[in-house]
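Colleague: Per the working numbering, residue 383 is the first one in the sequence shown, and the count goes up by one each step.
This structure is in structure tokens; I'll ask about it shortly.
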Amino acid sequence: MTRTENLLSTTILATALAIGAAASASAKDLVRIATMPAGAEVTGLSTNAAGELFLNAQHPGGKNVLKGDAPAALVGYVHGFNAGAIAGSGMALPAEANHKQMNVASGSYVTLATAGEKMGSGEAFGGVYNTAGELMFVSNTPDFNGFVPINENQAYLYTAWEGGGREGASSVSRLSLSRENSSSQWTADLATSKNVNLESVAGGAVLCSGIVTPWGTPLLAEEYFFYNSATWNHPDNHDEDEKAGFRGGNDINYIKPKSMNKYMGKMTNPYRYGYMIEIINPTSADGEKPVKHFATGRLSHETAAVMPDNKTLYMTDDDSAVYSDKKYNTASGGVFFKFVADTAGDLSAGTLYAAKLTQDDSAKPDVAGFDVSWIELGHGNNAEIETWVAEYDDVTIADYKDGSTNYVSDDEIRAWAETKSGKDLNGDGTIAKAKDSRAPFLESRRTAAAMGATNEWDKLEGVTSHGNTVYISASALAFTMDKSWGHKHWSTGEIDKQQAGDIALNAEGCGGTYVAKTGDDFNITRIEPHVIGKTTADGRCDDNLPANPDNILALNDGTLLIGEDAGPKRHVLDMLWMVR
383 MTRTENLLST TILATALAIG AAASASAKDL VRIATMPAGA EVTGLSTNAA
433 GELFLNAQHP GGKNVLKGDA PAALVGYVHG FNAGAIAGSG MALPAEANHK
483 QMNVASGSYV TLATAGEKMG SGEAFGGVYN TAGELMFVSN TPDFNGFVPI
533 NENQAYLYTA WEGGGREGAS SVSRLSLSRE NSSSQWTADL ATSKNVNLES
583 VAGGAVLCSG IVTPWGTPLL AEEYFFYNSA TWNHPDNHDE DEKAGFRGGN
633 DINYIKPKSM NKYMGKMTNP YRYGYMIEII NPTSADGEKP VKHFATGRLS
683 HETAAVMPDN KTLYMTDDDS AVYSDKKYNT ASGGVFFKFV ADTAGDLSAG
733 TLYAAKLTQD DSAKPDVAGF DVSWIELGHG NNAEIETWVA EYDDVTIADY
783 KDGSTNYVSD DEIRAWAETK SGKDLNGDGT IAKAKDSRAP FLESRRTAAA
833 MGATNEWDKL EGVTSHGNTV YISASALAFT MDKSWGHKHW STGEIDKQQA
883 GDIALNAEGC GGTYVAKTGD DFNITRIEPH VIGKTTADGR CDDNLPANPD
933 NILALNDGTL LIGEDAGPKR HVLDMLWMVR
């Protein structure tokens, strides 16, 4: 998710200059391989079978929406990228004169298209259009890139546009790419490019990162940011005042439910948003089809990693309790989720799990690892879960009553937790019986917390894998991960300062990346710190370490890339790192 303000333009500075000794606590070689234009975040990290590196510069100049004098976001790739050819510690930070451009250490950055350009469909690249075909705004926040080959010299590039700031409504573009031969550059044909129609899945809310599955389909994440569904139909979220509460307005939630109403042209249902979206038939000229996988759970999906069995998915839940409204408890820390599909290559049915962490006897973020156990939340399939979702389609603003909910209640969540566990969790002497298993799929994070999972990750961002190795990034090891924070109750929002949470670290605001190794069952049982940032005396982040990791990517040979969402208060430029 966007946490920074950004600025943009493009050209290339291909250098291989030493940056001095940069090493993590475990003496890994860190190689700086790119810097963003001033203020721009690293997004769109992905690669294809040939190892070509795709890379975006998101929300330049701090402008999440393209209007006025906002510089346009870039979608592109690094032509001729060769990780092995980058010497030593990579490139130096560029001179100030080059801060407004993309700089790379290997190859050359090719801009395929910029936000706002006109496509052959008549739509703007990055444009978000309602179901009536009217332009709502042009997003300046490209995130996910998914390269889907048609043949050796033709491909589609699917890109998710993450709405615009508080505007949750998002879009997915499909660029037509071609090249003359295997050594020439890819170019985009805007005349044959278009947006993917998302109306059949009620639109996309805060579309974030994602992957191309091993079976060749783009899999996108809805990072919907709606922890307390009870406030979805609160009148203050739908009146003429569209300012957030922290800016003096009356909106309770940061992401506006009203945005999805404008998209659909009617009152919307919160349970339509917050899932993994797969694009079926992605090479079809006009038959591509988005499918929301309700079975993967409803949460603030950042992205997913598919393990080699093509059944096991690890999914990150990107939120932060620091954004919570105190009265309505609208945010919490995130949960690390696992989904195991019933059938390889088919995400429509399976079992959802949430991680319970047990921290080592250390509070040092570069030392403390975690044992991991998994709590089974429930088994479900898209068809059955969507019937439960549909039950809330007719809820309106007029139905709202403060102190109660028109959606899944915490009592229903507790009932499922007791039904599933067979335990009296609230101490009333009885074990409740839930009417069905909707709770773990419609309220996945709340249900996970009620069942004892760890919901304390702060800004749990990327997850990527190679073979049996899984990498996980957290943009900040702070707030709910800070040992001084205490423990926040999932339902009431009350913070008990006397009780440490499952994660109780010395705060590190520059974040970090963790690593896990699995056996042949692809089950994570242990997470270790891998590359941890370091706050400097002036409150910034060490320039020779990754700061506030967001997009991360394991290359085809297993090499790890770490992309920053640091912003100018932490690093003068956001950077892309390679870990050797």
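Quick reminder that beta carbons are idealized off the backbone N, C-alpha and C, glycines included.
Alpha carbon to alpha carbon, how far is Ser565 from Ala537? Give it in angstroms, no decimals.
Modeller: The straight-line gap from Cα to Cα measures roughly 15 Å.
Colleague: So for Ser582, helix, strand or coil by DSSP?
Modeller: Helix at Ser582.
Colleague: Identify every residue that forms a DSSP beta bridge with Lys802.
Modeller: Answer by DSSP bridge pairing: none, since Lys802 is not bridged.
Colleague: Select from Leu557, Leu475 and Phe608 the residue whose C-alpha is nearest the C-alpha of Gly502.
Modeller: Of the candidates Leu557, Leu475 and Phe608, the one whose C-alpha sits nearest the C-alpha of Gly502 is Leu557.
Colleague: Leaving out five residues on either side along the sequence, give the residues of the same chain with a beta carbon under 6 Å from the beta carbon of Glu505.
Modeller: So the list reads Asn577, once near-sequence residues are dropped.
Colleague: Return the CA-CA distance between Gly751 and Thr740, expressed in angstroms with no decimal places.
Modeller: Each residue's Cα considered, the two are about 8 Å apart.
Colleague: Could you compute how far the alpha carbon of Ile394 sits from the alpha carbon of Thr425?
Modeller: Because the pLDDT of Ile394 is 30, which lies under 50, any placement of that residue in the model is unreliable, and the number read from its coordinates should be weighed accordingly. Rounded to whole angstroms, Ile394 to Thr425 spans 18 Å at the Cα level.
Colleague: Terminal residues of the continuous alpha helix (DSSP H) containing Trp770?
Modeller: Here the alpha helix (DSSP H) through Trp770 covers Asn764 to Ala772.
Colleague: Within its chain, find whatever has a CB closer than 8 Å to the CB of Arg908; leave out the 5 residues flanking it on each side and keep chain order.
Modeller: Correct list, in chain order: Gly751, Phe752, Asp753, Val754, Ala898 and Lys899.
Colleague: According to DSSP, is Ser847 part of a helix, a strand, or is it coil?
Modeller: If DSSP states are grouped into helix, strand and coil, Ser847 belongs with the strands.
Colleague: Whose C-beta lies closer than 6 Å to the C-beta of Pro531 among residues of the same chain, with five residues either side of it excluded?
Modeller: Here the set comprises Ala537.
Colleague: Here's the rule: buried if 16 or more other CB atoms are within 10 angstroms of the residue's CB, otherwise exposed. What is Gly337?
Modeller: Here the chain has residues from 383 to 962 only, and residue 337 is not among them.
Colleague: Check the DSSP bridge columns for Cys923 and list the partner residues they point to.
Modeller: BP columns for Cys923 point to Thr917.
Colleague: I believe Gly883 touches Glu838 by the beta-carbon criterion, under 8 Å. Please report the beta-carbon distance rounded to the nearest angstrom.
Modeller: Between Glu838 and Gly883 the Cβ distance is about 5 Å, and since that is below 8 Å, they are a contact.
Colleague: For Pro822, which of helix, strand or coil comes out of DSSP?
Modeller: Three-state DSSP puts Pro822 in a helix.
Colleague: Short check: CB of Pro476 to CB of Ala497, under 8 Å?
Modeller: No. Outside cutoff.
Colleague: Give me the Cα-Cα distance between Leu448 and Glu622, rounded to the nearest whole angstrom.
Modeller: Rounded to the nearest angstrom, the two C-alpha atoms are 23 Å apart.
Colleague: In whole angstroms, what is the alpha-carbon distance linking Met383 and Leu517?
Modeller: Since pLDDT at Met383 reaches only 49, below the 50 mark, its modelled position is unreliable, and no value is offered.
Colleague: Could you check the C-alpha separation between Ile944 and Cys923 for me, to the nearest Å?
Modeller: The straight-line gap from Cα to Cα measures roughly 15 Å.
Colleague: What residue does the beta strand (DSSP E) around Pro524 start on, and which one ends it?
Modeller: Here the beta strand (DSSP E) through Pro524 covers Pro524 to Asn533.
Colleague: Contact check, Asp737 vs Ala835 under 8 Å by CB: the rounded distance?
Modeller: Sequence inspection shows Ala at residue 737; the Asp mentioned does not correspond to that position. Confirmed, Cβ separation roughly 6 Å.
Colleague: Across which residues does DSSP place Asn446 in a beta bridge pair?
Modeller: BP columns for Asn446 are empty, so no partner.
Colleague: Is Pro690 helix, strand or coil by DSSP?
Modeller: DSSP places Pro690 in coil when its eight states are reduced to three.
Colleague: Does the distance from the C-beta atom of Asn480 to that of Ala455 stay below 8 Å?
Modeller: Contact flag unset, no.
Colleague: Out of curiosity, what's the CA-to-CA distance linking Tyr511 and Thr725?
Modeller: Their Cα atoms are separated by approximately 35 Å.
Colleague: For Thr464, which residues in the same chain have their Cβ closer than 8 Å to its Cβ, ignoring the five residues on either side in sequence?
Modeller: With the sequence shown as reference, residue 464 is identified as Asn, and Thr is not the correct amino acid for it. Hits under 8 Å: Ser488 and Gly489.
Colleague: Can you tell me the Cα-Cα spacing of Glu581 and Gly508, whole angstroms?
Modeller: In a straight line, the C-alpha of Glu581 is about 16 Å away from that of Gly508.
Colleague: Between the Cα of Asp678 and the Cα atoms of Val777, Leu435, Glu825 and Ile914, which residue gives the shortest distance?
Modeller: A small fix is needed here, since residue 678 is Thr in this sequence, not Asp. Looking at the Cα atoms, Glu825 is the closest of the given residues.
Colleague: In chain order, what residues of the same chain have a beta carbon less than 6 Å from the beta carbon of Ser428, not counting five sequence neighbours either side?
Modeller: Within the same chain, Ser428 has close Cβ partners Phe436 and Asn527.
Colleague: CB-CB under 6 Å to Ala723, same chain, minus the five flanking residues each way: which ones, in chain order?
Modeller: Answer for Ala723: Lys693, Leu729 and Gly732, listed in chain order.
Colleague: Output needed for Gly592: all residues of its chain with C-beta closer than 6 Å, excluding positions within five of it in sequence on either side, in chain order.
Modeller: Once the five neighbours on either side are set aside, the close Cβ partners of Gly592 are Phe526, Leu601, Leu602, Ala603 and Thr685.
Colleague: Beta-carbon separation of Asn888 and Lys865 under 8 Å?
Modeller: Contact flag set, yes.
Colleague: Can you name, in chain order, every residue of its own chain whose Cβ lies under 7 Å from the Cβ of Met646, other than the five neighbours on each side?
Modeller: Taken in chain order, the residues that qualify are Thr513, Ala584 and Gly585.
Colleague: My guess is that Ser555 and Trp543 are in contact by the Cβ rule of under 8 Å, so how many angstroms apart are they, rounded?
Modeller: About 7 Å; that satisfies the 8 Å criterion.
Colleague: Please report the distance separating the alpha-carbon of Thr787 from that of Ser873.
Modeller: Straight-line Cα distance between these residues: approximately 13 Å.
Colleague: Can you check the stretch 559-605 for any beta strand (DSSP E) of at least 3 residues that lies completely inside it and give the ranges in chain order?
Modeller: Counting whole runs of 3 or more residues, the stretch 559-605 contains the beta strand (DSSP E) stretches 569-577, 589-594 and 600-604.
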